[in-house]
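*Asks:*
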Amino acid sequence: MCGIVGYLGSREAYPILIKGLHRLEYRGYDSAGIALINSKLDLSVYKTKGKVEDLENYVADKDVEGTIGIAHTRWATHGEPNSQNAHPHYSQSGRLALIHNGIIENYKVLKEELISKGYTFSSDTDTEVLIQLIEYMQMSHNTSIYEAVQLALKNVIGAYAIAIIDKSNPNQLIAARKGSPLIIGVGDKEFLIGSDATPIVEYTNKVIYLEEEEIAVMKRNGEISITNLSNVPQTPIIKTLELNLSQLEKANFPHFMLKEIFEQPEALRTSMLGRLNMESKTVRLSGIIDHRDKFLKAKRIIICACGTSWHAGLIGKYIIEELTRIPVEVEYSSEFRYRNPVITKDDIVIAISQSGETADTLAAIKLAKDNGAFVYGICNVVGSSIARASDTGSYLHVGPEIGVASTNAFTAQVTTLTLIAMNIAEEKKTISKERIAELVEELQQIPEKINQTLQMNMRIKLYAQIFTYARNFIYLGRGFNYPVALEGALKLKEISYIHAEGYPAAEMKHGPIALIDEEMPVVVIAPKRGMYEKVLSNIQEVKARKGKIISIVTKGDTAVKELSDFCLEIPDTEECFVPILSVVPLQLLSYHIAIAKGRNVDQPRNLAKSVTVE
Ligand code: G6P
21 MCGIVGYLGS REAYPILIKG LHRLEYRGYD SAGIALINSK LDLSVYKTKG
71 KVEDLENYVA DKDVEGTIGI AHTRWATHGE PNSQNAHPHY SQSGRLALIH
121 NGIIENYKVL KEELISKGYT FSSDTDTEVL IQLIEYMQMS HNTSIYEAVQ
171 LALKNVIGAY AIAIIDKSNP NQLIAARKGS PLIIGVGDKE FLIGSDATPI
221 VEYTNKVIYL EEEEIAVMKR NGEISITNLS NVPQTPIIKT LELNLSQLEK
271 ANFPHFMLKE IFEQPEALRT SMLGRLNMES KTVRLSGIID HRDKFLKAKR
321 IIICACGTSW HAGLIGKYII EELTRIPVEV EYSSEFRYRN PVITKDDIVI
371 AISQSGETAD TLAAIKLAKD NGAFVYGICN VVGSSIARAS DTGSYLHVGP
421 EIGVASTNAF TAQVTTLTLI AMNIAEEKKT ISKERIAELV EELQQIPEKI
471 NQTLQMNMRI KLYAQIFTYA RNFIYLGRGF NYPVALEGAL KLKEISYIHA
521 EGYPAAEMKH GPIALIDEEM PVVVIAPKRG MYEKVLSNIQ EVKARKGKII
571 SIVTKGDTAV KELSDFCLEI PDTEECFVPI LSVVPLQLLS YHIAIAKGRN
621 VDQPRNLAKS VTVE
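Count along the sequence shown from 1, add 20, and you get the number used in this note's numbering.
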């Protein structure tokens with residue numbers, strides 16, 4: 021969702037804040053703004069519709085001097101994306117400025133109360149209500165800004181990560197969070213804050229992860245105090261960041277998405293590091309070994325996730341059931357959290373989230389824990405809310421994923437779920453040692469096989485030019501490759517804005533077949549392993565209706581190739597590992613179609629990388 025960044029120290033704040041906004045732009049990019057207090061104690065707020073670049077152009081001739089400031093990149097929830105609704109927002113007196121990520125659910129009631137007390141509003145946002153409320157609390161209780169923040173937040177229902185500056189005290193930066201992430205970077209007599217660590221890493225690797233309902237007061241002399249909403253002091257715990265700057269750059273790639281697609285072999289190697297033992301041909305995940313009994317006793321596994329992570333979860337279901345015989349259900353977190361699901365203490369809930377901040381998945385975890393289930397988190401972002409809320413788990417270790425459309429996190433999620441399935445199977449002895457050894461051997465080959473798959477990049481680019489005309493796409497797959505069809509369709513929708521549907525290939529005849537004509541591109545995932553013959557018949561059905569077939573086949577295939585208009589070959593592998601390879605050409609196809617259509621692939625319209633609102 022929105023990205024927030026703040027600075028207090030002895031350096032000029034503006035360049036640090038702008039750079040931080042660029043790093044956070046993946047979180048939202050419909051408008052951006054910045055507030056600075058200069059040495060004359062003027063508080064200036066500059067904001068504009070559009071991207072961070074537009075903000076930079078807008079402030080080019082403005083005074084941006086000052087060593088304290090806050091900045092924001094927005095993903096609209098309340099009020100359209102325009103400069104009035106962009107953050108920061110001023111308080112009525114113009115003395116305070118605030119940035120906010122999250123949603124104040126009771127903002128209407130609060131706004132009406134404030135209006136009845138004479139407050140006026142210049143935006144449609146819930147955020148402006150919060151800063152006015154803080155000022156109102158300060159005036160009416162004749163108290164410090166810190167106490168006013170505490171009082172105001174006690175009246176708020178919803179989620180927030182906020183930062184506030186006060187022109188009557190330019191030596192102090194206040195931040196608070198509930199539901200939305202907030203990290204504080206601790207430098208030498210300087211503080212940075214960020215929605216994630218990316219704006220901070222350049223300046224310090226010492227960070228504090230602010231916890232739920234905590235308020236931090238940072239001072240120019242380097243002091244920091246943290247209390248909770250009930251005014252109980254909390255000891256700040258400083259952690260060391262595991263992130264380096266080079267991971268945040270595009271290297272020689274034109275877009276983060278392409279870089280991340282090409283990084284997959286290396287990312288998966290890192291993901292498997294220390295988990296695949298090539299000597300004993302076994303798998304070891306500490307999250308499973310340390311809680312062996314839970315997995316041995318588990319009657320059921322429930323996977324909760326959203327978006328691409330949900331697709332990874334579906335593949336996980338196929339693999340876990342196949343190898344461990346434990347029944348698996350896959351739930352959209354947003355449905356699970358509100359539908360009074362049956363959860364028991366013998367259930368294991370696997371929560372999958374790249375960002376580790378998805379609000380619905382976080383709420384699903386809470387529900388699961390309240391009902392006694394054991395929660396295993398699969399996250400990419402180290403120290404994220406979901407990672408911390410889980411009982412145990414595994415990190416993906418693919419490095420920061422910046423492109424909004426998830427690619428390398430997806431293949432790492434599938435790989436991690438595969439490792440989980442193999443490790444449980446070993447412990448439960450549901451498959452033989454010899455079979456595990458075969459799978460271990462093959463899994464280790466997967467990064468190299470992705471490398472081979474990536475060699476088709478230029479060919480896929482050519483195919484992509486042909487399909488820019490298409491208004492619709494159908495993706496078909498069966499078994500392990502049915503979720504890949506869903507993921508391929510989602511990737512195309514997300515970045516090219518072409519409507520696409522993924523279907524289990526056999527379901528096509530129950531509806532989607534009516535859509536097929538000579539203009540309809542149909543992507544069919546038809547590897548040799550699995551239900552090859554069945555998929556072949558489904559392809560015949562498409563062909564008979566003159567659909568344009570783009571097939572993903574195993575190297576050396578002839579039958580599907582002959583029926584296809586366009587064919588892409590992936591190396592042969594175990595049936596349960598095929599999705600990790602078959603998704604790669606689909607990622608590239610979406611990327612190149614989107615580029616050919618002139619789309620902004622790293623920041624597609626209306627989307628955000630980290631969805632911290634429900
Ligand atoms: C957003 C992103 C998707 C992502 C989904 C779940 O919609 O744009 O790419 O799959 O959130 O995010 P998570 O961080 O929980 O995996």
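Heads up, the beta-carbon is just placed ideally off N, CA and C, and yes, glycines get one too.
If you pair each beta-carbon of the stretch 360 to 375 with each one of the stretch 395 to 406, do three or more pairs fall below 8 Å?
*Replies:* Yes, they touch.
*Asks:* On the three-state DSSP scale, how would you describe N105?
*Replies:* On the sequence shown, position 85 is the one that residue 105 refers to. If DSSP states are grouped into helix, strand and coil, N105 belongs with coil.
*Asks:* Taking contact to mean 3 or more Cβ pairs, one atom from each stretch, closer than 8 Å, check whether the stretch 132 to 144 and the stretch 207 to 215 are in contact.
*Replies:* Result no; under three Cβ-Cβ pairs closer than 8 Å.
*Asks:* Give me the residue from T435, D577, R359 with the minimum Cα distance to L556.
*Replies:* In the sequence shown, the residue the question calls residue 556 occupies position 536. Ranking the options by Cα distance to L556, first place goes to D577.
*Asks:* Report yes if the CB atom of F492 is closer than 8 Å to the CB atom of L439, and no otherwise.
*Replies:* Residue 492 sits at position 472 when you count from the first residue of the sequence shown. Residue 439 sits at position 419 when you count from the first residue of the sequence shown. Before going on, a small fix: residue 492 reads as Asn here, not Phe. No, Cβ-Cβ distance for N492 and L439 is not below 8 Å.
*Asks:* Within 8 Å, do at least three Cβ pairs link the stretch 107 to 124 to the stretch 73 to 82?
*Replies:* No, because fewer than three Cβ pairs between the stretch 73 to 82 and the stretch 107 to 124 fall closer than 8 Å, the two stretches do not touch.
*Asks:* Would you say the beta carbon of S405 comes nearer than 7 Å to a heavy atom of ligand 1?
*Replies:* As a position in the sequence shown, residue 405 is number 385, starting the count at 1. No, the Cβ of S405 stays beyond 7 Å of every heavy atom of ligand 1.
*Asks:* Is it buried or exposed, N105, if we count other Cβ atoms within 10 angstroms and call 16 or more buried?
*Replies:* In the sequence shown, residue 105 corresponds to position 85, counting from 1. By the 10 Å Cβ count, N105 comes out buried.
*Asks:* Can you tell me whether DSSP reads K279 as helix, strand or coil?
*Replies:* Taking the first residue of the sequence shown as 1, we reach residue 279 at position 259. Of the three classes helix, strand and coil, the one that applies to K279 here is helix, per DSSP.
*Asks:* Is Y358 buried or exposed, if buried means 16 or more other CB atoms sit within 10 Å of its CB?
*Replies:* The count along the sequence shown starts at 1 and reaches residue 358 at position 338. Exposed, since its Cβ has fewer than 16 Cβ neighbours within 10 Å.
*Asks:* May I have the straight-line CA-CA distance separating E446 from S103, to the nearest angstrom?
*Replies:* What you label residue 446 is simply residue 426 of the sequence shown in a count that begins at 1. What you label residue 103 is simply residue 83 of the sequence shown in a count that begins at 1. One C-alpha to the other measures close to 57 Å.
*Asks:* Report all residues from its chain with a CB closer than 7 Å to the CB of Q433; omit the five preceding and five following residues, and keep chain order.
*Replies:* Your numbering for residue 433 matches position 413 in the sequence shown. Here the set comprises S329, A332, I372, I398, L416.
*Asks:* What does the Cβ neighbour count give for D186, buried or exposed, with the cut at 16 atoms within 10 Å?
*Replies:* Within the sequence shown, residue 186 is the residue found at index 166, counting from 1. Label assigned to D186: buried.
*Asks:* Closer than 7 Å by C-beta to R498: which residues in its own chain qualify, once you throw out the five before and the five after it? Chain order, please.
*Replies:* Along the sequence shown, one-based indexing puts residue 498 at 478. For R498, where only same-chain residues beyond five positions count, the Cβ hits under 7 Å are P524, A525, A526, G550, M551, K554, V555.
*Asks:* Quick one: give me the first and last residue of the beta strand (DSSP E) that D367 is part of.
*Replies:* Your numbering for residue 367 matches position 347 in the sequence shown. Element bounds for D367: 367 to 373.
*Asks:* Have a look at L75 and P599 and give me their C-alpha separation to the nearest angstrom.
*Replies:* Residue mapping note: residue 75 aligns to position 55 of the sequence shown, counting from 1. Residue mapping note: residue 599 aligns to position 579 of the sequence shown, counting from 1. For L75 and P599, the distance between alpha carbons rounds to 42 Å.
*Asks:* Looking at C-beta atoms only, is the number of pairs between the stretch 608 to 618 and the stretch 481 to 496 that lie closer than 8 Å three or more?
*Replies:* Touching, yes, given that three or more Cβ pairs across the two stretches are closer than 8 Å.
*Asks:* Is it a yes or a no for the stretch 586 to 598 touching the stretch 256 to 267, going by three-plus beta-carbon pairs under 8 Å?
*Replies:* As far as the Cβ criterion goes, the stretch 586 to 598 does not touch the stretch 256 to 267, which means the pair count is below three.
*Asks:* Express the C-alpha separation of E167 and A183 in angstroms, rounding to a whole number.
*Replies:* Along the sequence shown, one-based indexing puts residue 183 at 163. Along the sequence shown, one-based indexing puts residue 167 at 147. So the two alpha carbons sit approximately 14 Å from each other.
*Asks:* With contact counted as at least three CB pairs below 8 Å, one residue from each stretch, are the stretch 341 to 354 and the stretch 280 to 291 in contact?
*Replies:* In short, these stretches do not touch, since the Cβ pair count stays below three.
*Asks:* Checking 8 Å against the spacing of the C-beta atoms, do G23 and S250 come in under that value?
*Replies:* Taking the first residue of the sequence shown as position 1, residue 23 is located at position 3. Taking the first residue of the sequence shown as position 1, residue 250 is located at position 230. No.
*Asks:* Mind checking S30: buried by the 16 CB within 10 Å criterion, or exposed?
*Replies:* Taking the sequence shown and counting its residues from 1, the one referred to as residue 30 is at position 10. The residue in question, S30, is exposed, as its Cβ has fewer than 16 Cβ neighbours within 10 Å.
*Asks:* If I'm right that P201 touches K39 with Cβ under 8 Å, what's the distance once you round it to whole angstroms?
*Replies:* Here residue 201 refers to the residue found at position 181 of the sequence shown. Here residue 39 refers to the residue found at position 19 of the sequence shown. Not quite, the Cβ-Cβ distance comes to about 19 Å (not below 8 Å), so this is no contact.
*Asks:* Return the first residue and the last residue of the beta strand (DSSP E) that M238 is part of.
*Replies:* Numbered from its first residue, the sequence shown carries residue 238 at position 218. First-last of the beta strand (DSSP E) with M238: 234 to 239.
*Asks:* Any heavy atom of ligand 1 closer than 7 Å to the CB of K629?
*Replies:* Position 609 of the sequence shown, counted from the first residue, corresponds to residue 629. Result yes, Cβ under 7 Å from ligand 1.
*Asks:* Below 8 Å CB to CB, which residues in the same chain sit around L316 once its five sequence neighbours on both sides are set aside?
*Replies:* The count along the sequence shown starts at 1 and reaches residue 316 at position 296. Here the set comprises E447, K448.
*Asks:* Please state whether the Cβ-Cβ distance between K337 and I323 is less than 8 Å.
*Replies:* Within the sequence shown, residue 337 is the residue found at index 317, counting from 1. Within the sequence shown, residue 323 is the residue found at index 303, counting from 1. Contact flag set, yes.
*Asks:* Just reading off the alpha helix (DSSP H) that T436 is part of, what are its end residues?
*Replies:* To locate residue 436, count along the sequence shown from 1; it is residue 416. Residues 428 to 448.
*Asks:* Count the CB pairs spanning the stretch 558 to 574 and the stretch 539 to 550 that are closer than 8 Å, and state whether there are at least three.
*Replies:* With the cut-off at 8 Å, the stretch 558 to 574 and the stretch 539 to 550 touch.
*Asks:* Which residues in the same chain have their Cβ closer than 6 Å to the Cβ of M157, if we skip the five residues on either side of it in sequence?
*Replies:* The sequence position of residue 157 within the sequence shown is 137, counting from 1. Cβ within range, chain order: A168, L171, A172.
*Asks:* CA-CA distance, V237 and I228?
*Replies:* Translated into positions along the sequence shown, residue 237 becomes position 217. Translated into positions along the sequence shown, residue 228 becomes position 208. Whole-angstrom Cα-Cα distance: 13 Å.
*Asks:* Just to confirm, is the Cβ distance from S375 to S404 under 8 Å?
*Replies:* Within the sequence shown, numbered from 1, the residue matching residue 375 stands at position 355. Within the sequence shown, numbered from 1, the residue matching residue 404 stands at position 384. In this structure, S404 lies closer than 8 Å to S375 by Cβ.
*Asks:* In the DSSP assignment, the alpha helix (DSSP H) including T646 goes from what residue to what residue?
*Replies:* For the chain, the structure presents residues 21 to 634; residue 646 sits outside this window and is missing.
*Asks:* Under 8 Å Cβ to Cβ from I195, same chain only, skipping five residues before and after it: list those, please.
*Replies:* Counting from 1 along the sequence shown, the entry for residue 195 is found at position 175. Note that residue 195 is Ala in the sequence shown, not Ile. Around A195: G26, A181, I182, A183, I184, L202, I204, I213, L230, I235, A236, M238.
*Asks:* Just to check my reading of the structure: M298 and Q464 have Cβ atoms closer than 8 Å, yes? What is that Cβ distance to the nearest angstrom?
*Replies:* Taking the sequence shown and counting its residues from 1, one reaches residue 298 at position 278. Taking the sequence shown and counting its residues from 1, one reaches residue 464 at position 444. So it is a contact: roughly 6 Å between Cβ atoms.
*Asks:* What first and last residue would you give for the alpha helix (DSSP H) that runs through H331?
*Replies:* Position 311 of the sequence shown, counting from 1, holds the residue named residue 331. H331 -> alpha helix (DSSP H) spans 327 to 344.
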